[in-house]
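Beneath this line is the structure, given in structure tokens, with notes to follow.
Protein chains: 2
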Amino acid sequence: MKALENRRIYTEQPKILVATDCIVFGFDEGILKLLVFRRRIDPCKGEWSLIGSFVDAEESVSDAARRVLLQFTGLENIFLEELRVYSNVERDPGARCISIAQYALIRVNDYDREQVELHGAKWFALDDIPELVLDHNVMITDALERLRQKTTHKPIGFELLPEKFTIPKLQSLYEAIHRTQLDDRNFRKKLLSFNLLIKLNEKDKSTSKKGAFLYKFDFEKYKKLEESGFNFVL
Amino acid sequence: MKALENRRIYTEQPKILVATDCIVFGFDEGILKLLVFRRRIDPCKGEWSLIGSFVDAEESVSDAARRVLLQFTGLENIFLEELRVYSNVERDPGARCISIAQYALIRVNDYDREQVELHGAKWFALDDIPELVLDHNVMITDALERLRQKTTHKPIGFELLPEKFTIPKLQSLYEAIHRTQLDDRNFRKKLLSFNLLIKLNEKDKSTSKKGAFLYKFDFEKYKKLEESGFNFVL
DNA sequence: GCAAAAGTGTTCTCGTTACACCCATGC
DNA sequence: GCATGGGTGTAACGAGAACACTTTTGC
Chain A
202 MKALENRRIY
212 TEQPKILVAT
222 DCIVFGFDEG
232 ILKLLVFRRR
242 IDPCKGEWSL
252 IGSFVDAEES
262 VSDAARRVLL
272 QFTGLENIFL
282 EELRVYSNVE
292 RDPGARCISI
302 AQYALIRVND
312 YDREQVELHG
322 AKWFALDDIP
332 ELVLDHNVMI
342 TDALERLRQK
352 TTHKPIGFEL
362 LPEKFTIPKL
372 QSLYEAIHRT
382 QLDDRNFRKK
392 LLSFNLLIKL
402 NEKDKSTSKK
412 GAFLYKFDFE
422 KYKKLEESGF
432 NFVL
Chain B
202 MKALENRRIY
212 TEQPKILVAT
222 DCIVFGFDEG
232 ILKLLVFRRR
242 IDPCKGEWSL
252 IGSFVDAEES
262 VSDAARRVLL
272 QFTGLENIFL
282 EELRVYSNVE
292 RDPGARCISI
302 AQYALIRVND
312 YDREQVELHG
322 AKWFALDDIP
332 ELVLDHNVMI
342 TDALERLRQK
352 TTHKPIGFEL
362 LPEKFTIPKL
372 QSLYEAIHRT
382 QLDDRNFRKK
392 LLSFNLLIKL
402 NEKDKSTSKK
412 GAFLYKFDFE
422 KYKKLEESGF
432 NFVL
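If you read the sequences in order, they're chains A and B.
The first sequence maps to residues 202 to 435 in the working numbering.
The second sequence maps to residues 202 to 435 in the working numbering.
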């Protein structure tokens, strides 16, 4: 008991650094990619790393991640969700430091390419991820698993596509995330059965001569449906 | 860039306290309950609070939670999983302090009742949870949602029951967690279809004259099945 | 006219739901 | 002997999986 009480005195607490690392997913040319950069401080200066930062005194963890994302990509209002905390005592040889990993989904077409390169950041295909510092490769593995889990239960895959997208594109996204082949008829059927896609009068002819119709996801409608108990499962 | 580099110097980081709070679920007499206690330090000394602690320099977040659980319940090897991080800047008026909430599932029959009372801790039925300090009520809401989610996809409900349990008991647990009525025939049929329960030659006669057969969950078999892609859904 | 991707329907299977009665036992 | 909770089977339904051909158009 004494021990507990003592431990709970605010001013006597050990200094534990709090960082956040972002697993940034992008979908480009049919391939799922991740944004990494060359770390600028010791230990491990110059090695590949997830983008991240320490959390400032006057910001929440999520704010810290958004700050970093803005810095590296020039983008705001990105899909961002907490993955989990990495807190092994020895995870960072530089100091006692825990990291709250968060994964982000961005529309690769939108991001500010200059900004990305300016920071020495680079997109890697999922299969070509180099060795990263500390436990960052583990974070990626965990994030990917979460992404698979989450995309089947929530319509977050759309965050990786442009606002207007074709059904074949969406399918290839799901195939890339889950590393599977999907039946195009069944995929389309199920997808459309939700009545959550708004068909546009435009076609994307970049991938075929016939062209594929563009759609938008109806986020408004989805929110209402979700509130009344609707379950998205793809 | 400068700003970023500066921020990343280890020694210049602000002191952010790191705590963990445990949402401890128990299932007792057909009712889902939570363990809370009277906070012993300011601010909010004397008010109801989740059990928790600051994280020590030489322990991981999960170790900290296990330490607290041992202290309050006398139990080890408890099911424990991270919920999420609560890091709003103003969440704790006493200091800049983030908390990693974790939820635990314990077998109420097993715990050391003396130890619980010694610490001023108490079990509350889910419907009777008092107002707690800081954001702890929010944590509970989130934990409950997670518990609902998780129990339907993973066989963790068993962590709330004694090792030997009856099928009606398990059903009432699921009914308590999800606040629903389940069809007993369908529940039993689906449950047994997994072939993951070991039927014992004992009956529990505490709730009926006829008595209900006791079962054990086959965790070994489940692990193997899970590795080969089996999906538990109840 | 042909290559290449987009788009469309049907059948079969299997899992989910709904539903009602007998069983064992303590009192 | 009766009240109480435990245990069983079947039929109807709906969602998911498997599967092949036509359409459009740029070259």
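The C-beta atom is built at its ideal place from N, Cα and C for all residues, glycine as well.
As assigned by DSSP and simplified to three states, the class of residue i
i: residue 420 of chain A; result: helix
i: residue 272 of chain A; result: helix
i: residue 430 of chain B; result: coil
i: residue 303 of chain A; result: strand
i: residue 390 of chain B; result: helix
i: residue 327 of chain B; result: helix
i: residue 399 of chain A; result: strand
i: residue 408 of chain B; result: coil
i: residue 203 of chain A; result: Bear in mind that a pLDDT of 42 at residue 203 of chain A, under 50, signals an unreliable position, so the model cannot answer this.
i: residue 385 of chain A; result: helix
i: residue 219 of chain A; result: strand
i: residue 415 of chain A; result: strand
i: residue 376 of chain B; result: helix
i: residue 213 of chain A; result: helix
Proximity of residue i and residue j at Cβ, strictly below 9 Å
i: residue 333 of chain B; j: residue 276 of chain B; result: no
i: residue 297 of chain A; j: residue 258 of chain B; result: yes
i: residue 339 of chain B; j: residue 217 of chain A; result: no
i: residue 301 of chain B; j: residue 283 of chain B; result: yes
i: residue 281 of chain A; j: residue 263 of chain A; result: yes
i: residue 320 of chain B; j: residue 273 of chain B; result: yes
i: residue 180 of chain B; j: residue 293 of chain B; result: Since the first residue shown for chain B is 202 and the last is 435, residue 180 of chain B is missing from the structure and cannot be characterised.
i: residue 378 of chain A; j: residue 233 of chain A; result: yes
i: residue 397 of chain A; j: residue 422 of chain A; result: yes
i: residue 211 of chain B; j: residue 253 of chain A; result: no
i: residue 255 of chain B; j: residue 214 of chain A; result: yes
Presumed contact (8 Å Cβ cut-off) between residue i and residue j, rounded CB distance
i: residue 436 of chain B; j: residue 238 of chain B; result: As displayed, chain B neither begins before 202 nor continues past 435, which places residue 436 of chain B out of reach and without an answer.
i: residue 327 of chain B; j: residue 361 of chain B; result: Not quite, the Cβ-Cβ distance comes to about 13 Å (not below 8 Å), so this is no contact.
i: residue 247 of chain B; j: residue 240 of chain B; result: 7 Å
i: residue 348 of chain A; j: residue 375 of chain A; result: Not a contact, Cβ separation roughly 11 Å.
i: residue 229 of chain A; j: residue 309 of chain A; result: 4 Å
i: residue 391 of chain B; j: residue 426 of chain B; result: That pair is no contact at about 15 Å.
* Asked: Do three or more CB pairs link the region 419–433 of chain A to the region 283–302 of chain B at distances below 8 Å?
  -> Per the Cβ contact rule, the region 419–433 of chain A is not in contact with the region 283–302 of chain B (fewer than 3 Cβ pairs under 8 Å).
* Would the region 217–237 of chain B and the region 339–352 of chain B be scored as touching if the rule is three or more Cβ pairs under 8 Å? -> yes
* May I ask you to verify whether the region 255–267 of chain A touches the region 393–403 of chain A, counting CB pairs closer than 8 Å and requiring at least 3? => Flag = no, the region 255–267 of chain A and the region 393–403 of chain A do not touch.
* To do: Please confirm if the region 374–386 of chain A is in contact with the region 303–321 of chain A, defined as three or more CB-CB distances below 8 Å between the two stretches.
  => no
* contact_flag[the region 409–422 of chain A, the region 357–371 of chain A] where n(CB pairs < 8 Å) is 3 or more -> yes
* Could you name each continuous beta strand (DSSP E) segment of 3 residues or more that falls completely within the region 224–300 of chain A, going from the start of the chain to the end? => 232–239, 249–255 and 280–287
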